[in-house]
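K.L.:
Using UniProt numbering, the first residue of the sequence shown is number 1, and each one after it goes up by one. Backbone N, C-alpha and C fix where the C-beta goes; we use that ideal spot for every residue, glycine too.
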Amino acid sequence: MISTYSIIGLMVLGQLVVIEIHTLKYLRNHLISRYYFILLLCLSFLLIHELLIHSRFIILFPHFTFTGEAITLLIWPLIFLITKEVLNNKRSSYDFLHFLPFLIYSLFRLDKYLMSSGEKSKLLEAFYNNIDNQTLVAKEFIWSEFVYDLILFRIQPLIYIIVVLIYINSQRSSQKIEKTSKHLYWLKIIIFGFLTIWGLKYLSFISGYFIIPFTIKHPLAIIFIAIQVFLISQFALTSKTGIPETFSLKKGITKKELEAIARKAKNYIEENNTYLNKEITLHYLSKKINTNSSYLSKAINHHYKLSFTDFLNQFRIKKAKEIIESPKIDIYTMEAIAKQSGFKSISTFNRAFLKFEGQTPSQYKNSVNL
Numbered sequence: 001m002i003s004t005y006s007i008i009g010l011m012v013l014g015q016l017v018v019i020e021i022h023t024l025k026y027l028r029n030h031l032i033s034r035y036y037f038i039l040l041l042c043l044s045f046l047l048i049h050e051l052l053i054h055s056r057f058i059i060l061f062p063h064f065t066f067t068g069e070a071i072t073l074l075i076w077p078l079i080f081l082i083t084k085e086v087l088n089n090k091r092s093s094y095d096f097l098h099f100l101p102f103l104i105y106s107l108f109r110l111d112k113y114l115m116s117s118g119e120k121s122k123l124l125e126a127f128y129n130n131i132d133n134q135t136l137v138a139k140e141f142i143w144s145e146f147v148y149d150l151i152l153f154r155i156q157p158l159i160y161i162i163v164v165l166i167y168i169n170s171q172r173s174s175q176k177i178e179k180t181s182k183h184l185y186w187l188k189i190i191i192f193g194f195l196t197i198w199g200l201k202y203l204s205f206i207s208g209y210f211i212i213p214f215t216i217k218h219p220l221a222i223i224f225i226a227i228q229v230f231l232i233s234q235f236a237l238t239s240k241t242g243i244p245e246t247f248s249l250k251k252g253i254t255k256k257e258l259e260a261i262a263r264k265a266k267n268y269i270e271e272n273n274t275y276l277n278k279e280i281t282l283h284y285l286s287k288k289i290n291t292n293s294s295y296l297s298k299a300i301n302h303h304y305k306l307s308f309t310d311f312l313n314q315f316r317i318k319k320a321k322e323i324i325e326s327p328k329i330d331i332y333t334m335e336a337i338a339k340q341s342g343f344k345s346i347s348t349f350n351r352a353f354l355k356f357e358g359q360t361p362s363q364y365k366n367s368v369n370l
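Right, here's the structure in full:
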């Protein structure tokens, strides 16, 4: 049965597939793109699940039965982790714990998942017969199911909503990011969009522990997912940080803008001694100065005629020369100078020094001491 809702769902599914394919090439270098990709996969799965139920094609694919609820438990942890990445908060080795509810719930429902296709088909046929006969059977009230449903699907999203909003407000108050930045704007819209959806689901939950009419429940779910996809897509298209490489707008950048980005990068590095951070990346610095990796790389190449690595190394070489020229140079080994200048190893230090100065650090030290 193909309805208007099914057509809408198929169109949104097509949009999701295009976005996911476009995102694939960025997965290796950007953790936020991986989170974003997984979120899109979850929404795709939920949309397919709802379309199968609404159109009744799930009878042909009975193994999809009971799978939708578990996937919803991944949505808010992923939004939380995306928010952390966008706002440049430190990653934690405990981030994986956010996915424990999904694993626990999946284990709890394992008996349902392991049912044979024949058993699931019988349940589906009985379900649709009740729909056709307008015989909606009330769900049996079971306290254990009520409690885990309340905690996992009603309270858990609310907790994540509160935590995410606290994260955003704490960043704004500490002025770590600009208040007018577009990614904050779209993050809030996404959060309030999901909050609205959660609120509607919560109202249906507290209005009675019964089956919501089939003709309302699944079409609404399709519309909700369509709204979610639209919000996330707009966020990706308009944000200057977070997921800029995945969906940056197709427009050029002027030489004047590139020069401004290059100067901003230089000033930030000099003011914060960022070059001393041995793990600094192009993506990290681009987030700090509110641009994207592509523009920052182009700006450095255009304005300084340097690669990003050489751009950093010129500051490190300058620092190393200051140490070598200082009266206390005798207490430092070359390895110590390399580390204090921001280099990972003595070999990298020697190569960079030779490239910029035309001599090794030892040769430069000897020339200074003459």
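What span of residues does the alpha helix (DSSP H) with PRO62 cover, start to end?
P.N.:
The residue you call residue 62 lines up with position 62 of the sequence shown. Careful: PRO62 lies outside any alpha helix (DSSP H) and carries neither H nor E.
K.L.:
For the alpha helix (DSSP H) containing THR4, list its first residue and its last residue.
P.N.:
Translated into the one-based positions of the sequence shown, residue 4 becomes position 4. Per DSSP, THR4 belongs to the alpha helix (DSSP H) from 4-23.
K.L.:
If you run the structure through DSSP and keep just helix, strand and coil, what is PRO219?
P.N.:
Here residue 219 is taken as the residue at index 219 of the sequence shown, counted from 1. Reduced to three states, the DSSP call for PRO219 is helix.
K.L.:
Note the first and the last residue of the continuous alpha helix (DSSP H) segment covering ASP330.
P.N.:
Numbered from its first residue, the sequence shown carries residue 330 at position 330. For ASP330, no alpha helix (DSSP H) encloses it, and the DSSP letter there is neither H nor E.
K.L.:
Determine the extent of the alpha helix (DSSP H) in which ILE151 is found, giving its start and end residues.
P.N.:
As a position in the sequence shown, residue 151 is number 151, starting the count at 1. Per DSSP, ILE151 belongs to no alpha helix (DSSP H) and is neither H nor E.
K.L.:
What is the DSSP secondary structure of residue 436, reduced to helix, strand or coil?
P.N.:
Summary: the structure shown does not reach residue 436, with the chain confined to residues 1 through 370, and so no result is reported for it.
K.L.:
By Cβ distance below 6 angstroms, which residues in the same chain neighbour TYR160 in space, the five residues on each side in sequence not counted?
P.N.:
Translated into positions along the sequence shown, residue 160 becomes position 160. Around TYR160: TRP76 and PHE80.
K.L.:
Which value, in whole angstroms, describes the spacing of the CA atoms of LEU100 and LEU31?
P.N.:
Locating residue 100 in the sequence shown gives position 100, where the first residue counts as 1. Locating residue 31 in the sequence shown gives position 31, where the first residue counts as 1. Going by the C-alpha atoms only, they are around 20 angstroms apart.
K.L.:
Determine the extent of the alpha helix (DSSP H) in which PHE37 is found, giving its start and end residues.
P.N.:
One-based indexing of the sequence shown puts residue 37 at position 37. Start and end: 31-55.
K.L.:
For LEU24, is the classification buried or exposed, using 16 other Cβ atoms within 10 angstroms of its Cβ as the cut-off for buried?
P.N.:
Here residue 24 corresponds to residue number 24 of the sequence shown, with the count starting at 1. That one is exposed.
K.L.:
Could you pull out every residue in the same chain whose Cβ sits closer than 7 angstroms to the Cβ of ILE58, ignoring the five residues on either side in sequence?
P.N.:
Taking the sequence shown and counting its residues from 1, one reaches residue 58 at position 58. So the qualifying residues of the chain are LEU52, PHE64, THR65 and LEU124.
K.L.:
Is the separation between the beta-carbon of LEU40 and that of LEU16 shorter than 8 angstroms?
P.N.:
In the sequence shown, the residue the question calls residue 40 occupies position 40. In the sequence shown, the residue the question calls residue 16 occupies position 16. A contact, by the Cβ cut-off of 8 angstroms.
K.L.:
Output the distance between the C-alpha atoms of LYS319 and ILE223, rounded to the nearest integer angstrom.
P.N.:
Translated into the one-based positions of the sequence shown, residue 319 becomes position 319. Translated into the one-based positions of the sequence shown, residue 223 becomes position 223. Spanning the two alpha carbons is a distance of roughly 58 angstroms.
K.L.:
Would you kindly check if the distance between the Cβ of ILE289 and the Cβ of ALA262 is under 8 angstroms?
P.N.:
Position 262 of the sequence shown holds residue 262. Position 289 of the sequence shown holds residue 289. Not closer than 8 angstroms, so no.
K.L.:
Quick one: is HIS22 buried, meaning 16 or more other Cβ sit within 10 Å of its Cβ, or exposed?
P.N.:
For the purposes of this step, residue 22 is taken as the residue at position 22 of the sequence shown. HIS22 comes out exposed.
K.L.:
Under 8 angstroms: do the stretch 304-318 and the stretch 262-279 share three or more Cβ pairs, one atom per stretch?
P.N.:
yes
K.L.:
Count the other CB atoms, across all protein chains shown, that sit within 10 Å of the CB of LYS147; report buried if there are 16 or more and exposed otherwise.
P.N.:
Position 147 of the sequence shown, counted from the start, is the residue given in the question as residue 147. Correcting the residue identity first, residue 147 is Val in this sequence and not Lys. Classification for VAL147: exposed.
K.L.:
Using C-beta distances below 8 angstroms, list every residue in its chain close to HIS302, excluding the 5 sequence neighbours before and after it, in chain order.
P.N.:
Here residue 302 refers to the residue found at position 302 of the sequence shown. Counting only Cβ-Cβ distances below 8 angstroms, and skipping sequence neighbours, we find LYS255, LEU258, GLU259 and ALA262.
K.L.:
State the Cα-Cα distance for the pair ILE82 and ARG109, rounded to the nearest angstrom.
P.N.:
Numbered from 1 along the sequence shown, position 82 holds the residue referred to as residue 82. Numbered from 1 along the sequence shown, position 109 holds the residue referred to as residue 109. Cα-Cα distance, rounded: 28 angstroms.
K.L.:
Excluding sequence positions up to five away, which residues of its chain have a Cβ less than 8 angstroms from the Cβ of TYR128?
P.N.:
Numbered from 1 along the sequence shown, position 128 holds the residue referred to as residue 128. Around TYR128: ARG56 and ILE59.
K.L.:
Tell me the DSSP secondary structure of TYR275 in three-state form.
P.N.:
By one-based count along the sequence shown, residue 275 stands at place 275. Correct three-state label for TYR275: helix.
K.L.:
Please report the straight-line C-alpha distance between ILE189 and ILE162, rounded to a whole angstrom.
P.N.:
Here the question's residue 189 lines up with position 189 in the sequence shown. Here the question's residue 162 lines up with position 162 in the sequence shown. Those two C-alpha atoms are separated by around 14 angstroms.
K.L.:
Do you know offhand how far PHE96's Cα is from LEU107's?
P.N.:
Sequence index remark: in the sequence shown, residue 96 carries index 96 (1-based). Sequence index remark: in the sequence shown, residue 107 carries index 107 (1-based). If you take the alpha carbons of PHE96 and LEU107, they lie about 17 angstroms apart.
K.L.:
From the DSSP output, in three-state form, read off MET115 for me.
P.N.:
Locating residue 115 in the sequence shown gives position 115, counting from the first residue. Coil.
K.L.:
Report the residue ranges of all alpha helix (DSSP H) runs contained in full by the UniProt domain "HTH araC/xylS-type" (263-367); include only those spanning at least 4 residues, in chain order.
P.N.:
282-288, 293-304, 308-325, 334-340 and 346-357
K.L.:
Using CA atoms only, rank isn't needed, just tell me which of ARG351, LEU10 and ILE71 is closest to LYS54.
P.N.:
Locating residue 54 in the sequence shown gives position 54, where the first residue counts as 1. According to the sequence shown, residue 54 is His rather than Lys. Closest option to HIS54, Cα to Cα, is LEU10.
K.L.:
Applying the 10 Å Cβ sphere with the 16-neighbour rule, what's the burial state of SER363?
P.N.:
The residue given as residue 363 occupies position 363 in the sequence shown. A small correction: the amino acid at residue 363 is Gln; Ser does not occupy that position in the sequence shown. Exposed is the call here.
K.L.:
Excluding sequence positions up to five away, which residues of its chain have a Cβ less than 8 angstroms from the Cβ of TYR268?
P.N.:
In the sequence shown, counting from the first residue as 1, residue 268 sits at position 268. So the list reads THR274, LEU285, LYS288 and ILE289, once near-sequence residues are dropped.
K.L.:
Would you mind sorting PRO327 into buried or exposed? The rule is 16 or more other CB atoms within 10 Å of its CB.
P.N.:
Here the question's residue 327 lines up with position 327 in the sequence shown. Classification for PRO327: exposed.
K.L.:
Per DSSP, what kind of secondary structure is THR72 in: helix, strand or coil?
P.N.:
One-based indexing of the sequence shown puts residue 72 at position 72. Three-state result, THR72: helix.
K.L.:
Between PHE349 and PRO361, is the Cβ-Cβ spacing less than 8 angstroms?
P.N.:
As a working mapping, residue 349 is identified with position 349 in the sequence shown. As a working mapping, residue 361 is identified with position 361 in the sequence shown. Yes. Within cutoff.
K.L.:
With H, G and I counted as helix, E and B as strand and the rest as coil, what does DSSP make of SER93?
P.N.:
Sequence index remark: in the sequence shown, residue 93 carries index 93 (1-based). Note: SER93 maps to coil in three-state DSSP.
K.L.:
Is the CB-CB distance between PHE37 and ALA70 below 8 angstroms?
P.N.:
By 1-based counting over the sequence shown, the position of residue 37 is 37. By 1-based counting over the sequence shown, the position of residue 70 is 70. Going by C-beta atoms, PHE37 is not nearer than 8 angstroms to ALA70.
K.L.:
Among the candidates GLU325, LEU78 and ILE329, whose CA atom is the shortest distance from the CA of VAL164?
P.N.:
Here residue 164 corresponds to residue number 164 of the sequence shown, with the count starting at 1. For VAL164, the nearest C-alpha among the options comes from LEU78.
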